[in-house]
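Taking it in order: structure first as structure tokens, then the write-up.
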Amino acid sequence: MSYIVCEGAGRECMLRHCDKCPSKDNLVQFLQAKFEDYDDEDIVEYNQWVSTDRTEMIRCSTSVGEFIEKLVEKLNKLIPHSYIAKSQSSFFLNLKGTASSNTAVVSMDFSENYAFTIQDETQGYHWNSNSCTIHPVMIHCKDTSNVKLIIPLCIISDDLKHDVSMVYEIQKNVTAFLKENYPHITNIHYFSDGCAGQYKNKYNFMNLCLHEKDFKLKAQWSFFATSHGKTECDGIGGTVKRLARKQSLQQHLDRQITTTNGLYEFCKVNIANITFQQISKEAVDSTSVTLESRLKDTQTLPGTRLFHNFQPIDDLGMIEARRISRDETPALTFNLLKHQTLLVKMKDLYPGCFVGCIYDNLWYFGMVSEVNAEEEDVTVKFLHPNGPSLSFFWPNREDVCVVPIPHIIAIVKPPKTMTGRTYQFSQECMLLVKSSFENI
37 MSYIVCEGAG RECMLRHCDK CPSKDNLVQF LQAKFEDYDD EDIVEYNQWV STDRTEMIRC
97 STSVGEFIEK LVEKLNKLIP HSYIAKSQSS FFLNLKGTAS SNTAVVSMDF SENYAFTIQD
157 ETQGYHWNSN SCTIHPVMIH CKDTSNVKLI IPLCIISDDL KHDVSMVYEI QKNVTAFLKE
217 NYPHITNIHY FSDGCAGQYK NKYNFMNLCL HEKDFKLKAQ WSFFATSHGK TECDGIGGTV
277 KRLARKQSLQ QHLDRQITTT NGLYEFCKVN IANITFQQIS KEAVDSTSVT LESRLKDTQT
337 LPGTRLFHNF QPIDDLGMIE ARRISRDETP ALTFNLLKHQ TLLVKMKDLY PGCFVGCIYD
397 NLWYFGMVSE VNAEEEDVTV KFLHPNGPSL SFFWPNREDV CVVPIPHIIA IVKPPKTMTG
457 RTYQFSQECM LLVKSSFENI
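Letter by letter, the sequence shown follows residues 37 to 476 in the working numbering.
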């Protein structure tokens, strides 16, 4: 990756927004040198992960030239992911040690459900046994003497849905625990993976806006990069399930651990240094009914997958979204309760169309290369420079970024070119994008 970013690459380089980064030609030449004993048309075979209804590895074959082209394209996409993964992990590690004395850093994760085990169980029970939810929580904070504390919790439940209602019940337990044992804590910084069904969704963001009102504690939420959410929580979950399974296999038939309550009682008595709490399915169902009226009008935050830190502004649904947690200024401010009036509709966008869009509070022209209706965003290849300019060009290194739909402010006619190197948009297009930008 060092071949296609600046030396000492910073945020703009790693997020692929730097004009000075080397073009992909450097990397292509490096890879071609590795295949110098082969012709471009020689065939190479390689394994590739693909996802349709399920993920599987397939065997592919292609020419050396095409293989290099595909590899360069994938490495270019890997750079921002790698940067976000490392940035979020380092921010989390740093925050655990430097957070103020009134802030609790709370990491959480759903472990794989624990399936109850019985010694000499029948085949039918083995493949259809009951299970329960294991949800570890790790709290990093300081006491009133500024001494660092590490507090492991584990929440056990017979509710298996793992949805926003379950997450809210977990928050209710965690905040009650903090207020009872550490009343000096006034802020919580949550950290978790970005699972859309559990944590990273519009409903959880709305609950985050109401967190201070509900629990009398301020809060924000940060997310690890995709598939990079391993924390101490994994150790808690693994320990609990291993000890419970071992104990169950060693017990007499009349003392097997076969229920959620039985597991909870065993853990409380036999596993030291972890605080256990239990949440019933009835409590989660009741919370689901209570939250229904609050969440029914919540709007999806466009480009949710792009952002890794969310901070509420008020309890009326206003929230700030940041690409990474250490960003000082938000990339997007959004009202979760207000239906957004879009200047451009998703159905009108298609690969190859030219648009005017906003990035970093500036407007750019670009060409749509991919439309993602599910995530409500598009991938745009930007022309340079930004703003009102007489002529534009494609930079040596492709400037490609995912843009939320609210940041697409106009669809414009394709630019004209005399040389194939510089492009000009009509005065009508310029005025359309400029006026749309100024009226936002």
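Every residue gets a Cβ at the ideal spot worked out from N, C-alpha and C, and that includes glycine.
**Prompt:** Exposed or buried, Val86, counting other C-beta atoms within 10 Å across all chains shown (16 or more means buried)?
**Reply:** Exposed, since its Cβ has fewer than 16 Cβ neighbours within 10 Å.
**Prompt:** For the beta strand (DSSP E) that Glu356 lies in, which residues bound it at each end?
**Reply:** Boundaries of the beta strand (DSSP E) around Glu356: Met354 to Arg358.
**Request:** Would you kindly work out how many angstroms separate the C-alpha atoms of Tyr161 and Val416, rounded to a whole number?
**Result:** Here the alpha carbons of Val416 and Tyr161 stand approximately 52 Å from one another.
**Asked** For the candidate residues Pro338, Ala261 and Asn223, whose alpha-carbon lies nearest to that of Leu244?
**Response** Among Pro338, Ala261 and Asn223, the Cα nearest to that of Leu244 is on Asn223.
**Message:** Within a Cβ cutoff of 6 Å, which residues of the same chain sit near Ile444, ignoring the five residues on either side of it in sequence?
**Reply:** Cβ within range, chain order: Val380, Val391 and Cys393.
**Request:** Give me whichever residues DSSP pairs with Gln68 in a beta bridge.
**Result:** In DSSP, Gln68 forms no bridge with anything.
**Prompt:** Does the region 313 to 333 come within contact of the region 195 to 208, defined as at least 3 CB pairs closer than 8 Å?
**Reply:** Under the Cβ criterion (8 Å, minimum of three pairs), the region 313 to 333 counts as touching the region 195 to 208.
**Prompt:** Since Glu81 contacts Arg90 with CB under 8 Å, what's their CB separation in whole angstroms?
**Reply:** The C-beta distance from Glu81 to Arg90 rounds to 23 Å, too long to fall under 8 Å, and the pair is not in contact.
**Message:** Among Leu67, Thr311 and His420, whose alpha-carbon lies nearest the alpha-carbon of Trp213?
**Reply:** Looking at the sequence shown, residue 213 is not Trp but Phe. If you compare the alpha carbons of Leu67, Thr311 and His420 with that of Phe213, the shortest gap goes to Thr311.
**Item:** Endpoints, the beta strand (DSSP E) within which Thr98 is located
**Value:** In the DSSP assignment, Thr98 falls within the beta strand (DSSP E) that extends over Thr91 to Ser99.
**Request:** Determine, using beta-carbon pairs with one atom in the region 115 to 131 and one in the region 261 to 269, whether at least three such pairs fall under 8 Å.
**Result:** Touching, per the Cβ criterion.
**Prompt:** Does the Cβ of Val305 have 16 or more other Cβ atoms within 10 Å, making it buried, or fewer, making it exposed?
**Reply:** By the neighbour-count definition (other C-beta atoms within 10 Å, threshold 16), Val305 is an exposed residue.
**Asked** Candidates Ala151, Gln256 and Ile187: which alpha carbon is nearest Asn345's?
**Response** Of the listed residues, the one whose Cα sits closest to Asn345 is Gln256.
**Message:** Just to confirm, is the Cβ distance from Tyr59 to Asn432 under 7 Å?
**Reply:** First, the amino acid is wrong: residue 59 is Ser here, not Tyr. Against a cut-off of 7 Å, the Cβ pair of Asn432 and Ser59 comes out as a contact.
**Message:** Buried or exposed, going by whether 16 or more other CB atoms sit within 10 Å of the CB of Gln155?
**Reply:** Exposed, because fewer than 16 other Cβ atoms sit within 10 Å of the Cβ of Gln155.
**Asked** Could you give the residue range of the alpha helix (DSSP H) that holds Ile444?
**Response** Element bounds for Ile444: not the alpha helix (DSSP H) but the beta strand (DSSP E), Ile444 to Val448.
**Request:** Would you please state the rounded distance, in angstroms, between the beta carbons of Gln347 and Leu372? I believe it to be under 8 Å.
**Result:** About 13 Å; that fails the 8 Å criterion.
**Prompt:** Comparing alpha-carbon positions, which option in Lys184, Asp179 and Gln207 lies nearest Ile191?
**Reply:** Restricting attention to Lys184, Asp179 and Gln207, the CA atom closest to the CA of Ile191 is found in Gln207.
**Asked** Any idea if Asp229 is buried or exposed, counting beta-carbon neighbours within 10 angstroms, 16 or more meaning buried?
**Response** With a threshold of 16 other beta carbon atoms within 10 Å, Asp229 meets it and is buried.
**Request:** Go through its chain and collect everything with a Cβ distance to Phe152's Cβ below 6 Å, but skip five positions before and after it.
**Result:** Hits under 6 Å: Ser165, Asn166 and Thr294.
**Prompt:** Helix, strand or coil for Ile441 per DSSP?
**Reply:** Reduced to three states, the DSSP call for Ile441 is helix.
**Prompt:** Taking the continuous alpha helix (DSSP H) assigned at Met466, which residues delimit it?
**Reply:** Taken as a continuous stretch (DSSP letters only), the alpha helix (DSSP H) holding Met466 covers Gln463 to Glu474.
**Request:** Measure from the alpha carbon of Ala409 to the alpha carbon of each residue in Glu434, Asp396, Trp399 and Pro442, then state which is nearest.
**Result:** Among Glu434, Asp396, Trp399 and Pro442, the Cα nearest to that of Ala409 is on Pro442.
**Prompt:** What is the rounded straight-line gap between the Cα of Leu385 and the Cα of Val404?
**Reply:** Those two C-alpha atoms are separated by around 8 Å.
**Prompt:** If we count the other Cβ atoms within 10 Å of its Cβ and call it buried at 16 or more, is Ser181 buried or exposed?
**Reply:** Ser181 is classed as exposed because its beta carbon has fewer than 16 other beta carbons within 10 Å across all chains shown.
**Request:** Compute the Euclidean distance between the alpha carbons of Gln287 and Gln314, then round it to the nearest angstrom.
**Result:** Approximately 23 Å, taken between the alpha carbons.
**Message:** For Gln314, list the residues DSSP reports as bridge partners.
**Reply:** According to DSSP, Gln314 bridges with Ile192.
**Asked** Beta-carbon separation of Leu342 and Met242 under 7 Å?
**Response** No, the Cβ-Cβ distance between Leu342 and Met242 is not below 7 Å.
**Asked** Start and end of the alpha helix (DSSP H) containing Lys249?
**Response** Segment His247 to Phe251, the alpha helix (DSSP H) holding Lys249.
**Prompt:** For Gln283, which three-state DSSP category applies?
**Reply:** Helix, per DSSP.
**Start-to-end residues for the alpha helix (DSSP H) that takes in Ala212** = Segment Val200 to Asn217, the alpha helix (DSSP H) holding Ala212.
**Request:** Quick one: using the 10 Å Cβ neighbour count with 16 as the cut-off for buried, is Trp399 buried or exposed?
**Result:** With 16 or more other Cβ atoms within 10 Å, it is buried.
**C-beta atoms of Met144 and Val108 nearer than 7 Å** = Their beta carbons are not under 7 Å apart, which means Met144 does not touch Val108 by this criterion.
**Asked** Is Glu8 buried or exposed, if buried means 16 or more other CB atoms sit within 10 Å of its CB?
**Response** Residue 8 is absent from the model: the chain starts at 37 and stops at 476.
**Asked** When you compare only the Cα positions, how much space is there between Leu51 and Met454?
**Response** Per the coordinates, the alpha-carbon of Leu51 lies some 32 Å from the alpha-carbon of Met454.
**Which of helix, strand or coil DSSP assigns to Ile394** = Secondary structure of Ile394 (DSSP, three-state): strand.
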